[in-house]
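K.L.:
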Amino acid sequence: MKVLAPEPIELVDDDSTSPANDGFAVVRAQVTDCTIVTGEEGCKFAVWKVTLVLQPHDDTRCRTTISLFKRYSQFRRLHDQLVQRCREAGLPAQLPQLPPRVSWYRSWRYQEANLDRSWLARRRQGLDYFVNKILLDQSLVNAHRELIEEFLER
192 MKVLAPEPIE LVDDDSTSPA NDGFAVVRAQ VTDCTIVTGE EGCKFAVWKV TLVLQPHDDT
252 RCRTTISLFK RYSQFRRLHD QLVQRCREAG LPAQLPQLPP RVSWYRSWRY QEANLDRSWL
312 ARRRQGLDYF VNKILLDQSL VNAHRELIEE FLER
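In terms of the working numbering, the sequence shown opens at residue 192 and continues consecutively.
Below you can see the structure in the form of structure tokens.
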């Protein structure tokens, strides 16, 4: 793991005539790495690198890879919003679980517990599973496109 400040990333859709990403499909999604960042008040936290391989619907030979950087709280927010939307629609929320938060009995040593290498490795695996189940499920993407786009753009 390396320690450096994350760079802000902004996705820009220059084609104003079509909805964002209508011409692309996510063919591969991975949570590949994390960077430990020190915040303004000295608290450290992990920023996760999410790598997406996009393929245009009209050209299966051409693929584009993009990388995004997300905090665990952003994954949690997406999960909670998807669960809420499913409940409001009266649908069962068949979403993958996220890896757990730091347990209450370890929270008094939060920095140490949250930055432990084995803890981070398990969390990465859980986030990777979550991202794949969400982004590669085309029916879920179509049903909740605006939430998923918001997650990818912020």
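Where is the CB? At the ideal position from N, CA and C, for every residue including glycine.
1. Would DSSP call Leu-327 helix, strand or coil?
2. Does the beta-carbon of Cys-225 have 16 or more other beta-carbons within 10 angstroms, so that it is buried, or is it exposed?
3. By the three-class DSSP mapping on this structure, what secondary structure does Asp-224 have?
4. Whole angstroms is fine: what's the gap from Gln-316's alpha carbon to Val-217's?
5. Taking contact to mean 3 or more Cβ pairs, one atom from each stretch, closer than 8 Å, check whether the stretch 330 to 337 and the stretch 227 to 234 are in contact.
6. What does DSSP give as the partner residues of Thr-255 in its beta bridges?
7. Can you tell me which of Ala-237, Ser-258, Gln-288 and Val-274 puts its alpha carbon nearest to the alpha carbon of Arg-308?
8. Would you report the Cα separation of Gln-275 and Asp-250, rounded to the nearest angstrom?
9. Check each candidate in Leu-259, Ser-258 and Val-244 and name the one with the smallest Cα separation from Arg-252.
P.N.:
So, from the data block:
1. For the purposes of this step, residue 327 is taken as residue 136 along the sequence shown, with counting starting at 1. Reduced to three states, the DSSP call for Leu-327 is coil.
2. The residue given as residue 225 occupies position 34 in the sequence shown. It is buried - the Cβ of Cys-225 has at least 16 other Cβ atoms within 10 Å.
3. Start at 1 with the first residue of the sequence shown, and residue 224 comes out as number 33. The answer is strand: DSSP assigns Asp-224 an E or B state.
4. Locating residue 316 in the sequence shown gives position 125, where the first residue counts as 1. Locating residue 217 in the sequence shown gives position 26, where the first residue counts as 1. In this structure, the CA atom of Gln-316 is about 19 Å from the CA atom of Val-217.
5. no
6. By 1-based counting over the sequence shown, the position of residue 255 is 64. Leu-245, per the DSSP bridge assignment.
7. If you number the sequence shown from 1, residue 308 lands on position 117. When each option's Cα is compared against that of Arg-308, the closest is Ala-237.
8. As a first step, residue 275 is located in the sequence shown; it is residue number 84 there, counting from the start. As a first step, residue 250 is located in the sequence shown; it is residue number 59 there, counting from the start. Taking the straight line from one Cα to the other gives about 36 Å.
9. Position 61 of the sequence shown, counted from the start, is the residue given in the question as residue 252. The option with the nearest alpha carbon to Arg-252 is Val-244.
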